[in-house]
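Per the numbering used here, the sequence shown starts with residue 4, numbered consecutively. Just so you know, even glycine gets a beta-carbon here, dropped at the ideal spot from N, CA and C. Keep in mind it's a predicted model, so treat the numbers as computed, not measured.
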Amino acid sequence: MGWQIDTDMHWTDHYVEHGFCVIRQAVPRAFCEEAIAALQKELRTDLPPSGWNSDTIDDDLLAQARDPDKQSPELHATLSRIYEEPNYRGLVDTMFGEHNGWGGKPHAHTFISLKDMAAGDREPSVSPWGHLDFVNVHIPMFGDGFTSQVSLVKSEPFSGNITIYPGLHKVVQKLLLDDRDFRFLAQGHPDWHAVVPQVEPYEFVADPGDVLFFHHLVGHAGNGNMCASGAPRVAIHAHVYGQLWPNGVDPDEPGLSPWLRSHAHNGKFELAYNDREMTMGSKAVRAERNAAAK
Ligand SMILES: [Fe+2]
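Laid out in structure tokens, this is it:
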């Protein structure tokens with residue numbers, strides 16, 4: 004059955020408490036259909052998504068559609084319109100509150116999980132551990148935003164949906180407050196298992212237009228497509244960067260936005276270092292290291 008959403012909670016409170024939320028039917032069908040049409044063009048197929056699998060979709064074209072730096076300008080333009088879609092933008096505005104807002108930098112690509120027809124039927128499962136996106140670099144305490152997914156299709160359990168590991172945003176923040184040099188290496192690494200509890204994952208099984216928001220410090224994972232029907236997972240994966248990158252938080256400050264409240268579980272603090280500069284500096288060092296290794 005898996006971890007279930009507490010539907011008695013407002014989505015903002017759910018995000019604060021669990022590090023993620025789901026808003027059903029938030030994006031109109033017309034937008035989803037437009038995005039699917041753009042994807043069909045990118046993938047050079049006339050098939051509806053229900054017919055997409057490893058036999059019918061070209062690997063290279065799929066890789067291109069998944070990569071924000073390689074997708075065609077046409078697909079980029081269509082996916083980037085998510086930030087202008089009024090209902091979605093309203094949710095973003097609510098998350099950031101009146102003193103913050105979307106920073107104007109689109110970063111949207113696709114999250115497509117097709118059934119591997121050569122793999123045969125596999126025992127349906129999801130990843131037992133989630134990951135952070137900051138691998139062997141400084142992990143930003145705050146960052147300037149969060150991540151979203153907009154489902155473009157009806158997905159099924161085990162059809163390659165993203166999974167979220169609820170509540171880990173609180174644990175990881177505490178970890179970073181105690182040791183700002185903690186490094187995340189891999190979701191299967193024993194160092195990671197030693198510092199975070201294993202929690203039951205939530206699987207984002209969705210209808211077209213359903214939206215998921217998740218915290219940058221909550222564990223999450225992609226999954227293989229193992230559903231019997233072969234239905235694919237097709238979503239827009241959009242990072243939402245705000246205008247502000249805070250360096251401290253006070254839970255007692257009146258009128259905190261939901262986004263800031265999600266960073267205020269471990270009491271009042273002000274960092275002794277510049278979180279933004281540390282993050283950018285660490286990323287630059289990693290890029291140099293990777294370039295030197297090539
Ligand atoms: Fe990730």
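Cα separation between P143 and S83?
-> Translated into positions along the sequence shown, residue 143 becomes position 140. Translated into positions along the sequence shown, residue 83 becomes position 80. P143 and S83 have their C-alpha atoms some 25 Å from each other.
Of all the alpha helix (DSSP H) runs that stay within the bounds of the segment 160-218, which reach a length of 4 or more residues?
-> Those alpha helix (DSSP H) runs which fall completely within the segment 160-218 and span 4+ residues are 171-181, 193-198.
Rounded to a whole number of angstroms, what is the C-alpha to C-alpha distance between A275 and A68?
-> In the sequence shown, the residue the question calls residue 275 occupies position 272. In the sequence shown, the residue the question calls residue 68 occupies position 65. Rounded to the nearest angstrom, the two C-alpha atoms are 41 Å apart.
Would you check if the segment 229-238 and the segment 159-171 touch, i.e. whether three or more CB-CB distances between them fall below 8 Å?
-> yes
Check the C-beta distance from G212 over to C35 and give it rounded, since I have them as a contact under 8 Å.
-> By one-based count along the sequence shown, residue 212 stands at place 209. By one-based count along the sequence shown, residue 35 stands at place 32. Rounded, the Cβ-Cβ distance is 6 Å, consistent with contact.
Simplified DSSP state of R264, which is helix, strand or coil | Looking up residue 264 in the sequence shown gives position 261. Looking at R264 - three-state DSSP - the assignment turns out to be helix.
Endpoints, alpha helix (DSSP H) assigned at V99 | For this step, residue 99 is matched to residue 96 along the sequence shown. The displayed chain sequence assigns Phe, not Val, to residue 99. Start and end: 89-99.
Indicate, with yes or no, if ligand 1 has a heavy atom lying under 7 Å from the CB of H134.
-> Working through the sequence shown from its first residue, we reach residue 134 at position 131. Flag set: Cβ of H134 near ligand 1.
Quick one: does the C-beta of H223 sit closer than 7 Å to a heavy atom of ligand 1?
-> Translated into the one-based positions of the sequence shown, residue 223 becomes position 220. It does: the Cβ of H223 is within 7 Å (strictly closer) of some heavy atom of ligand 1.
Note down, in chain order, each residue of its chain lying with its Cβ closer than 6 Å to the Cβ of P127, except the 5 sequence neighbours on either side.
-> Position 124 of the sequence shown, counted from the first residue, corresponds to residue 127. Result list for P127: F161, M229, in chain order.
Does the beta-carbon distance from D278 to F185 come in below 8 Å?
-> To locate residue 278, count along the sequence shown from 1; it is residue 275. To locate residue 185, count along the sequence shown from 1; it is residue 182. Against a cut-off of 8 Å, the Cβ pair of F185 and D278 comes out as no contact.
At a cut of 8 Å, does the segment 34-50 reach the segment 59-67 through at least three beta carbon pairs?
-> yes
With burial defined as no fewer than 16 other Cβ atoms inside 10 Å of the residue's Cβ, what is the status of M98: buried or exposed?
-> The sequence position of residue 98 within the sequence shown is 95, counting from 1. Counting Cβ neighbours within 10 Å, M98 comes out buried, since at least 16 surround it.
Starting from H13, trace the alpha helix (DSSP H) both ways and give me its first and last residue.
-> In the sequence shown, residue 13 corresponds to position 10, counting from 1. Where H13 is concerned, there is no enclosing alpha helix (DSSP H), given that its DSSP letter is neither H nor E.
Pairwise C-alpha distance: H141 and S285 = Position 282 of the sequence shown, counted from the first residue, corresponds to residue 285. Position 138 of the sequence shown, counted from the first residue, corresponds to residue 141. Approximately 6 Å between the Cα atoms of the pair.
Count the C-beta pairs between the segment 252-272 and the segment 88-106 that are closer than 8 Å, then say yes if the count reaches three, no if not.
-> yes
Go to H3, then tell me how far its beta strand (DSSP E) extends in each direction, as first and last residue.
-> Any question about residue 3 goes unanswered here, given that the chain covers just 4 to 297.
Output the boundary residues of the beta strand (DSSP E) element that contains H240.
-> Counting from one through the sequence shown, the residue named residue 240 turns up at place 237. It spans 236-244 - the beta strand (DSSP E) in which H240 sits, taken as one unbroken run.
Specify the secondary structure class of H102 as computed by DSSP and reduced to three states.
-> As a working note, residue 102 is residue 99 in the sequence shown. For H102, the three-state secondary structure derived from DSSP is coil.
Are the segment 67-81 and the segment 195-214 touching by the rule of at least three beta carbon pairs closer than 8 Å?
-> The answer is no - the segment 195-214 does not touch the segment 67-81, with fewer than three Cβ pairs under 8 Å.
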